[in-house]
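Quick note: to get the working numbering, add 26 to the position in the sequence shown (first position is 1).
Think of the CB as a built atom: it goes at the ideal place given N, C-alpha and C, for glycine as much as any other residue.
Quick caveat, the model's predicted, so the values are computed rather than measured.
Here is the structure we will look at.
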Amino acid sequence: MQLIFILVFIFIVLSVLGRIAKAAKRVNTAAKKARRGTFTPLDGLGKVFNASARNEAWMKAAGDLGLSFIRPSTIYDNPSIAGRINGFEINVTTERDPDQTVYRITFPKSIDIGFLAMKDKAATMLNRQFSGRKRLEKILNLLPDDLVNSAVSAYEEKPLTRFLTRERRDALLKCLQLYDTVKIDDNSITVTYDGIEQKPEVLCARINTALMFAKAFGCDVEPAGVSGIPPAAPRKMPQEPHDIKTAPPEPPAGNAPSGEEQPESRKETEPVPAETAPQTQPVSISDNNLLRKEVLIPALFGSTFTGTKEKELFEKVKGREVVWSGTVKSEYEFGMDFVFGNQGGVKTTLELMEIQQGTYSMKIKIKAVVCFPKEDFQEIRALNGKEITFSGTLLKFEGFAKEVYLTSGKLV
């Protein structure tokens with residue numbers, strides 16, 4: 027009997043001690059939450075709502091660019107975007123502690139000269155990456171003195187000098203001026219922004235801008251000149267890189283027509299003007315037929331590689347107005363663009379048609395990149411995914427990107 031009493035007493039004591047421990051734990055947890063801020067049941071609901079809005083933004087951005095959206099497993103995980111554009115691998119991910127959005131564009135082929143160009147807000151990170159490397163930016167007189175925490179290197183100076191054509195130097199300088207944190211190596215360009223991006227238009231603009239620079243460095247052919255910006259002239263770039271909302275132009279695949287060379291000093295000092303369409307010339311009957319989408323597009327892009335013949339053909343119709351139809355794939359407002367200059371407007375990508383290319387009957391999609399006036403932005407956005415008829419003035423074509431650029435766009 028006495029043993030039973032002792033066992034009951036021990037059980038009661040253990041039960042009381044357990045309740046005291048649980049109460050202490052609840053008090054401690056409440057205190058921690060109080061230090062972080064007031065916690066309510068709505069906090070969990072808010073996290074679900076924010077995650078849903080963020081996922082929707084990333085999904086829209088991926089859809090607009092024809093990329094894949096990778097949904098996070100839980101509301102505490104972050105989404106990612108992946109896919110391929112014109113042979114370049116696109117990968118947009120996030121990092122925690124601190125929150126960052128990372129845009130990585132992988133080149134179709136390695137540069138293979140041990141190339142490394144970088145800018146970082148932290149000088150220690152820069153020094154770590156370039157440890158044991160010979161910095162060549164000063165030897166090549168490449169970067170201005172005020173471009174701090176930046177460096178350029180390669181295995182050897184001569185291959186780097188050959189690789190950094192005037193156009194690539196211009197692109198590299200603009201890239202290092204534009205971004206706070208960027209790294210370019212033999213295989214890719216990686217741009218990092220603070221925070222987890224929540225706006226689809228900003229995601230699209232940042233992907234397109236990074237892709238534009240990737241094409242300048244990651245193509246076998248010589249990159250096209252960057253129009254609308256004086257070459258290699260240090261200047262203050264926009265504070266927010268997403269202010270440049272541009273889809274990237276592709277380098278031309280053929281050799282440029284031979285012509286009289288300008289003096290080297292003049293080449294280096296004269297600003298490159300924004301591309302403009304020439305004055306309209308008389309159009310013959312054959313040229314009128316050539317302006318039809320069904321005739322001009324296969325003639326420009328029917329061959330696997332575009333060359334002199336296609337360039338000469340486009341010169342015959344450059345500056346002419348056409349009326350075409352296409353399906354709206356994306357639209358962005360911009361203030362400055364490497365093709366359309368500083369005029370501002372709505373840069374709209376439309377899918378024109380699908381054609382057969384090359385001997386092996388490979389089907390490719392040809393797109394038009396059209397500059398519409400800013401006041402058309404809402405109307406064009408409402409037409410996303412729909413086929414429209416539009417007019418525009420032929421400005422340039424990009425064989426590698428399979429795109430035709432038109433300015434002075436109007437909805438018909």
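Between the CA atoms of Leu-432 and Thr-353 - distance to the nearest angstrom:
15 angstroms
How would you write the range of the alpha helix (DSSP H) that Met-151 sits in, first residue to last?
That run of the alpha helix (DSSP H) goes 149-155.
Among Ile-215, Val-343 and Phe-340, whose alpha-carbon lies nearest the alpha-carbon of Val-118?
Closest in C-alpha terms to Val-118, from the list Ile-215, Val-343 and Phe-340, comes Ile-215.
Classify Arg-97: buried if its beta carbon has 16 or more other beta carbons within 10 angstroms, exposed otherwise.
exposed
Tell whether a beta-carbon distance below 9 angstroms holds between Ala-408 and Trp-350.
Taking 9 angstroms as the Cβ cut-off, Ala-408 and Trp-350 do not qualify as a contacting pair.
Measuring alpha carbon to alpha carbon, tell me which of Gly-418, Asp-363, Pro-185 and Ile-323 ends up nearest Pro-390.
The identity of residue 390 in the sequence shown is Ile, whereas the question assumes Pro. The residue with the shortest Cα to Cα distance from Ile-390 is Ile-323.
Quick one: what's got a C-beta closer than 7 angstroms to Ile-233's C-beta in the same chain, skipping five residues either side?
Leu-91, Ile-116, Val-118 and Tyr-129
Could you give the first and the last residue of the continuous alpha helix (DSSP H) run that contains Thr-187?
183-189
If we require 4 or more residues per run, which alpha helix (DSSP H) segments fall completely within the stretch 323-399?
334-343
Since I believe Ser-417 is in contact with Val-343 (beta carbons under 8 angstroms), could you give me their beta-carbon distance rounded to a whole number of angstroms?
Contact flag wrong, Cβ pair sits at about 14 angstroms.
Helix, strand or coil: how does DSSP classify Ser-99 here?
Of the three classes helix, strand and coil, the one that applies to Ser-99 here is coil, per DSSP.
Which residue or residues does DSSP assign as beta-bridge partners of Asp-211?
Leu-142
Beta-carbon contacts of Glu-341 that lie in its chain and below 7 angstroms, excluding the five residues immediately before and after
Correct list: empty, nothing qualifies.
Are the beta-carbon atoms of Glu-336 and Phe-423 separated by less than 9 angstroms?
In contact: Glu-336 and Phe-423 (Cβ atoms closer than 9 angstroms).
Return the CA-CA distance between Gly-333 and Asp-220, expressed in angstroms with no decimal places.
42 angstroms
Using only alpha-carbon positions, find the residue among Pro-134, Ala-83, Ala-79 and Lys-428 that is nearest to Val-378.
Looking at the sequence itself, residue 378 is Leu, so the reference to Val does not match. When each option's Cα is compared against that of Leu-378, the closest is Lys-428.
Under 8 angstroms Cβ to Cβ from Pro-124, same chain only, skipping five residues before and after it: list those, please.
Asp-220
Which same chain residues, not among the five before or five after Leu-162, have their C-beta less than 7 angstroms away from its C-beta?
Val-178, Ser-179, Ala-180, Glu-183 and Leu-186
Does the distance from the C-beta atom of Thr-207 to that of Asp-146 stay below 9 angstroms?
yes
For Glu-338, count neighbouring C-beta atoms within 10 Å of its own C-beta (all shown protein chains included) and say buried if the count is 16 or more, exposed if not.
exposed
Mapping DSSP to helix, strand and coil, what is Ile-116?
Per DSSP, reduced to three states, the secondary structure at Ile-116 is strand.
Phe-31 classed as buried or exposed, judged by whether at least 16 other C-beta atoms fall within 10 angstroms:
exposed
Could you say which of Ile-111, Asp-103, Ser-329 and Arg-110 lies nearest to Thr-120 if we only look at CA atoms?
The shortest Cα separation from Thr-120 among Ile-111, Asp-103, Ser-329 and Arg-110 belongs to Asp-103.
Measuring alpha carbon to alpha carbon, tell me which residue in Gly-425, Gln-404, Ser-434 and Leu-437 is nearest Cys-465.
No information on residue 465 is available, as it lies outside the stretch 27 to 438 that the chain covers here.
Taking all protein chains shown into account, do 16 or more other C-beta atoms lie within 10 angstroms of the C-beta of Glu-401, making it buried, or fewer, making it exposed?
exposed
Cβ shell of Lys-355 (< 6 angstroms), same chain only, five flanking positions each side left out
Thr-375 and Glu-377
Quick one: residues in its chain with C-beta nearer than 6 angstroms to the C-beta of Ala-87, no 5 flanking neighbours on either side, listed in chain order?
Pro-226, Leu-229 and Cys-230
Is Ile-406 helix, strand or coil when you go by DSSP?
helix
Are Leu-421 and Val-365 touching if we call contact CB-CB under 9 angstroms?
yes
Can you list, in chain order, the residues of its chain whose CB lies under 6 angstroms from that of Gly-140, leaving out five sequence neighbours each side?
Ala-180 and Tyr-181
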